[in-house]
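If you want the working numbering, it's the 1-based position in the sequence shown plus 171. Here is the structure we will look at, set down as structure tokens.
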Amino acid sequence: MKLFSQALCLSVAAFAFNAQAANPSQIEAQARKLWHDNIETGYQHLNEQTREFAQRAERWCAGHTAEGRKEVEQAWQEAFLAWQAVRFVDFGPVEANNRAWQFQFWPDSKNLIARKARYLLSADQAPAPSTIEDAGVAAQGFPMAEYLLFDEKFNNSDRALPAERSCRVLSLLAGHISSNTDKLLNDWQAFEEPYLSNDQYRDASVRAGMNALEILEERRLAQPMGLRGTGKRSVYTADAWRSSKSLATVQASLEGLKQYFLPSLLQLLRNSDQPELADRIEAQFEEVLENFPALDTPMAPLLANDHEFARLQGLWVDVSQLTTLVNDQAAVAIGVVRGFNSSDGD
């Protein structure tokens with residue numbers, strides 16, 4: 172009888188636990204907690220990589236070795252890809268002071284970055300922290316550093332790195348980016364209580380992933396491929412074209428979505444009336460990422476050659492299918508209404 176009573180108690184406890192776990196508000200609270208923790212992990216990684224970039228830029232500009240330049244370029248790349256992984260977050264602290272635009276001014280249809288670089292490098296006053304702070308978002312982020320490190324025309328000029336003024340601007344710029352990630356991480360950690368206590372951030376988090384996938388499909392892939400806009404293939408509408416890292420950034424964004432966004436979405440879906448969608452979306456993420464590392468290559472040659480272009484088309488089709496699954500089917504299943512995308516375009 173005692174064993175039966177113990178078994179009954181265990182059964183009741185298990186039922187109570189399952190009922191609690193099935194409570195929609197509890198599930199959504201758990202999903203938001205996981206989102207907050209995962210995004211914090213992404214911001215921590217970004218913070219570490221930007222600090223490394225700033226340190227290497229400062230060290231190289233003091234020594235000017237060929238090996239040092241390669242280290243700076245690699246540090247820029249690692250920091251920029253860390254940003255791509257959390258680029259989907261378009262709400263909360265990243266909105267303060269146009270931080271997202273400070274990290275990456277894109278699209279840049281008017282080549283404002285090159286114009287800002289010419290201004291910074293020709294101004295009468297010596298570069299100082301205020302030079303970067305007052306120059307506007309086009310001069311404050313990763314694309315400006317990319318211009319200084321990788322722009323072909325600039326690097327064939329008399330101002331090419333490691334010219335003193337150019338190096339000073341690069342060091343200040345890297346320091347500005349690193350300082351911004353310090354603030355972003357601290358603010359995100361402080362944002363935990365309002366994020367977890369406000370139900371609206373469930374939808375904001377889902378929409379962030381939806382927006383990121385749509386921008387990835389329509390702006391970062393379809394437009395340079397000539398499938399949107401002018402209908403002409405042009406690598407200059409892609410991001411990171413100067414460093415030939417356009418596709419590397421696509422991969423980093425997809426991996427970031429998989430690591431920092433997807434787990435909470437799957438949790439919500441598996442407790443919806445369409446739980447099978449979770450497995451389909453998870454499988455589609457894997458299929459999209461299978462396009463890499465074969466596509467770890469500059470985009471320009473793929474756009475110029477019809478045979479190679481087919482590889483890009485395969486990636487675009489896979490991304491389009493993923494976008495449809497998340498934006499059209501998953502969003503409906505968990506009751507998220509698509510809102511205005513403030514991060515799309517200029």
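Glycine residues also receive a C-beta, built at the ideal position from the N, C-alpha and C atoms. Computed from a predicted model, the values in this text were never measured in an experiment.
Terminal residues of the continuous alpha helix (DSSP H) containing Y366?
For the purposes of this step, residue 366 is identified with residue 195 of the sequence shown, where counting begins at 1. Under the DSSP assignment, Y366 falls in the alpha helix (DSSP H) whose first and last residues are E363 to S368.
C-beta contact flag for P434 and L217 at 8 Å
On the sequence shown, position 263 is the one that residue 434 refers to. On the sequence shown, position 46 is the one that residue 217 refers to. Against a cut-off of 8 Å, the Cβ pair of L217 and P434 comes out as no contact.
What residue range does the alpha helix (DSSP H) around G213 cover?
Taking the sequence shown and counting its residues from 1, one reaches residue 213 at position 42. Where G213 is concerned, the enclosing alpha helix (DSSP H) starts and stops at P195 to G234.
Quick check on the DSSP output: the alpha helix (DSSP H) that includes L425 runs from which residue to which?
For the purposes of this step, residue 425 is identified with residue 254 of the sequence shown, where counting begins at 1. Where L425 is concerned, the enclosing alpha helix (DSSP H) stretches over S417 to G427.
Is the Cβ-Cβ distance between S414 and F321 less than 8 Å?
The sequence position of residue 414 within the sequence shown is 243, counting from 1. The sequence position of residue 321 within the sequence shown is 150, counting from 1. In this structure, S414 sits near F321, with a CB-CB distance shorter than 8 Å.
Only counting the same chain, and skipping five residues up and downstream in sequence, which positions put a Cβ closer than 6 Å to that of A192?
Within the sequence shown, residue 192 is the residue found at index 21, counting from 1. Annotation note: pLDDT 48 at A192 (below 50); position unreliable, no value reported.
To the nearest angstrom, report how far apart A310 and A285 are at their CA atoms.
What you label residue 310 is simply residue 139 of the sequence shown in a count that begins at 1. What you label residue 285 is simply residue 114 of the sequence shown in a count that begins at 1. Per the coordinates, the alpha-carbon of A310 lies some 9 Å from the alpha-carbon of A285.
Buried or exposed by the 16-neighbour rule on C-beta atoms within 10 Å, applied to P472:
Reading the sequence shown from its first residue, position 301 is the one you call residue 472. Classification of P472: exposed, given that the 10 Å Cβ count is below 16.
Only counting the same chain, and skipping five residues up and downstream in sequence, which positions put a Cβ closer than 7 Å to that of F362?
Against the sequence shown, residue 362 aligns to sequence position 191. Once the five neighbours on either side are set aside, the close Cβ partners of F362 are G263 and P264.
Within 10 angstroms of the Cβ of Q220, are there 16 or more other Cβ atoms? Answer buried if so, exposed if not.
In the sequence shown, the residue the question calls residue 220 occupies position 49. Flag for Q220 reads buried.
Whose C-beta lies closer than 7 Å to the C-beta of M381 among residues of the same chain, with five residues either side of it excluded?
For the purposes of this step, residue 381 is identified with residue 210 of the sequence shown, where counting begins at 1. So the qualifying residues of the chain are V497, N498, A502 and R509.
What does a CB cutoff of less than 7 Å around T302 pick up in its chain, not counting 5 residues either side in sequence?
Here the question's residue 302 lines up with position 131 in the sequence shown. The residues are L291 and L343.
Helix, strand or coil: how does DSSP classify P464 here?
One-based indexing of the sequence shown puts residue 464 at position 293. Of the three classes helix, strand and coil, the one that applies to P464 here is coil, per DSSP.
Residues near R339 in its chain [Cβ-Cβ closer than 8 Å; skip 5 each side]:
By one-based count along the sequence shown, residue 339 stands at place 168. Non-local beta-carbon contacts of R339 in its own chain, meaning distances under 8 Å to residues more than five positions away in sequence, involve C232, A297 and P298 in chain order.
Rounded C-alpha distance that separates A225 from N282:
Along the sequence shown, read from residue 1 onward, the residue named residue 225 stands at position 54. Along the sequence shown, read from residue 1 onward, the residue named residue 282 stands at position 111. If I take the Cα positions, the gap works out to 25 Å.
Rounded to the nearest angstrom, how far is the Cβ of V308 from that of F259, given a contact under 8 Å?
In the sequence shown, residue 308 corresponds to position 137, counting from 1. In the sequence shown, residue 259 corresponds to position 88, counting from 1. Their Cβ separation, rounded to whole angstroms, is 19 Å, which puts V308 and F259 out of contact at 8 Å.
Are there 16 or more other CB atoms within 10 angstroms of the CB of R289, so buried, or fewer, so exposed?
As a first step, residue 289 is located in the sequence shown; it is residue number 118 there, counting from the start. The residue is exposed, with fewer than 16 neighbouring Cβ atoms inside 10 Å.
So is Q201 in contact with chain B if we call contact Cβ pairs under 8 Å?
Absent from the structure is chain B; it holds one protein chain and no more.
Out of curiosity, what's the CA-to-CA distance linking N326 and R373?
One-based indexing of the sequence shown puts residue 326 at position 155. One-based indexing of the sequence shown puts residue 373 at position 202. Rounded to the nearest angstrom, the two C-alpha atoms are 46 Å apart.
Identify, in the order they occur along the chain, each residue of the same chain with its Cβ nearer than 6 Å to the Cβ of T352, setting aside the five sequence neighbours on each side.
Taking the first residue of the sequence shown as 1, we reach residue 352 at position 181. Around T352: L217, N218 and T221.
Taking 8 Å as the cut-off, decide whether the C-beta atoms of A383 and L448 are in contact.
Sequence index remark: in the sequence shown, residue 383 carries index 212 (1-based). Sequence index remark: in the sequence shown, residue 448 carries index 277 (1-based). The Cβ atoms of A383 and L448 do not sit closer than 8 Å to each other.
Spatial neighbours of Q500 in its chain, beta-carbon cut-off 7 Å, leaving aside the 5 residues before and after:
Numbered from 1 along the sequence shown, position 329 holds the residue referred to as residue 500. Residues of the same chain with a CB within less than 7 Å of the CB of Q500, apart from the 5 flanking positions on each side, are L448 in chain order.
Can you tell me whether P314 is helix, strand or coil according to DSSP?
By one-based count along the sequence shown, residue 314 stands at place 143. In the three-state scheme derived from DSSP, where H, G and I count as helix and E and B as strand, P314 is classed as helix.
The stretch 381-400 touching the stretch 479-489, judged by at least three CB pairs closer than 8 Å
Under the 8 Å Cβ criterion, the stretch 381-400 counts as touching the stretch 479-489, having at least three qualifying pairs.
May I have the straight-line CA-CA distance separating L355 from L474, to the nearest angstrom?
Taking the first residue of the sequence shown as position 1, residue 355 is located at position 184. Taking the first residue of the sequence shown as position 1, residue 474 is located at position 303. Their backbone Cα atoms lie some 36 Å apart in a straight line.
Between which two residues does the alpha helix (DSSP H) holding E389 run?
Position 218 of the sequence shown, counted from the start, is the residue given in the question as residue 389. Bounds of any alpha helix (DSSP H) do not take in E389, whose DSSP letter is neither H nor E.
Going along the chain, which residues of its own chain have a beta-carbon closer than 7 Å to the beta-carbon of L389, five neighbours each way excluded?
Position 218 of the sequence shown, counting from 1, holds the residue named residue 389. Reading off the sequence, residue 389 comes out as Glu, not Leu. Around E389: R399.
Helix, strand or coil, according to DSSP, for P434 in the structure here?
Along the sequence shown, read from residue 1 onward, the residue named residue 434 stands at position 263. Helix.
Endpoints, alpha helix (DSSP H) assigned at W254:
Your numbering for residue 254 matches position 83 in the sequence shown. Judged by DSSP secondary structure, W254 falls within the alpha helix (DSSP H) whose first and last residues are A237 to V257.
Would the stretch 408-422 and the stretch 237-253 be scored as touching if the rule is three or more Cβ pairs under 8 Å?
Three or more Cβ pairs drawn from the stretch 408-422 and the stretch 237-253 lie within less than 8 Å of each other, which places the two stretches in contact.
In this structure, does DSSP put L448 in helix, strand or coil?
By one-based count along the sequence shown, residue 448 stands at place 277. In the structure shown, L448 adopts helical secondary structure according to DSSP, grouped into three states.
Output the distance between the C-alpha atoms of D450 and Q438, rounded to the nearest integer angstrom.
Counted from its first residue, the sequence shown places residue 450 at position 279. Counted from its first residue, the sequence shown places residue 438 at position 267. D450 and Q438: Cα-Cα distance of roughly 11 Å.
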